[in-house]
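So the mapping is simple: the working numbering equals the position in the sequence shown, first residue as 1, plus 915.
Note that CB positions come from ideal geometry on N, CA and C, so glycine has one too.
Here the structure is a predicted model, which is why all the values come from computation and not from measurement.
Have a look at the structure below, then the notes.
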Amino acid sequence: MSRQESPVPSTRPYLIRALYEWCSENGFSPYIAVHVDASVQVPLEYVKNGEIVLNVSMDATNGLRLGNEFIEFKARFGGVARDIVVPVTHVIAIYARENGQGMAFPAPSPTPEAPPVVDSTPAPLRSVPSDSPSPSDDGGGRPGGGGRPQLKRIK
C-alpha cells in the first residue's frame, strides 16, 4: 500500500509562536519584521524599503491571533486603531526588542496574485534601534538609548 504524499506543513508559524511565547514569558517585547506586498494589510505610510516592523506584544495589540496562515490583530498607529493582517510567509524575522535575540526567515518569492508594492525592493535584514519604538508601539522605548540590538542567526 502506498501512502498518499501530502505536503509537509511549514515550520515557520510554529517557530513564530514559540519565539513569541519565549519573549512574552521572559518579559521581552516581541517584534516582527514583515516583507510588504499587496497581500499584507498594514498602514503603508509606515512601510520603508518594502518592510515594516511591528510590535506584537500583548500591550501593543488587541485580539492577536498567531495562526498557521496569517497573523492578525488590531494596533494603534498615530492613535488610530487599524486591522493588521500578515501572511505568515511574509514574516522575515521575529525577535525581542530589548536584546535582538530571535530568528530570521527567508523573504517570500513574488507571486502573480500578490505583486510587490512599488517601492518594495528587498532590503537586508536589519535590527531596529531600541530607542526608536515601532509605529505600533505605544511608547516604552528605553530612555537614553542603550545601543542597537543585533539579530543573532542560529545555524
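Pick from the options that is closest to residue i, judged by C-alpha positions
i       : options                            : result
Ser925  : Gly982, Phe988 and Ile999          : Gly982
Ala953  : Gly965, Arg1012, Gly942 and Val995 : Gly965
Arg932  : Asn1014, Gly1015 and Val1003       : Val1003
Tyr961  : Gly978, Ile999 and Asn1014         : Ile999
Pro1105 : Ser921, Pro922, Glu920 and Arg927  : Because the chain in this structure spans residues 916 to 1070, residue 1105 falls outside the shown range and cannot be described.
Val971  : Ile947, Glu920 and Phe992          : Ile947
Met973  : Val923, Glu936 and Tyr929          : Glu936
Same chain, Cβ closer than 6 Å to residue i, neighbours up to 5 away in sequence not counted
i       : result
His1005 : Val949, His950, Val955 and Pro1023
Thr976  : Phe988 and Ala990
Phe943  : Ala1011 and Glu1013
Extent of the continuous beta strand (DSSP E) to which residue i belongs
i       : result
Pro1002 : Val995 to Pro1002
Glu940  : From DSSP, Glu940 is part of no beta strand (DSSP E) but of the alpha helix (DSSP H) over Arg927 to Glu940.
Lys989  : Phe985 to Phe992
Ile966  : In the sequence on display, residue 966 carries Glu and not Ile. Counting along the chain, the beta strand (DSSP E) containing Glu966 begins and ends at Glu966 to Asn970.
Val874  : Nothing about residue 874 can be read from this structure; the chain reaches only from 916 to 1070.
Proximity of residue i and residue j at Cβ, strictly below 8 Å
i      : j       : result
Pro958 : Arg997  : yes
Val968 : Phe985  : no
Cys938 : Ala1011 : yes
Same chain, Cβ closer than 7 Å to residue i, five either side skipped, listed in chain order
i       : result
Gly1017 : Leu934, Ala1008, Ile1009, Tyr1010, Ala1011 and Leu1066
Gly978  : Phe988 and Lys989
Neighbourhood of residue i by C-beta distance below 8 Å, restricted to the same chain and skipping five residues each side
i      : result
Arg980 : Ile986, Glu987 and Phe988
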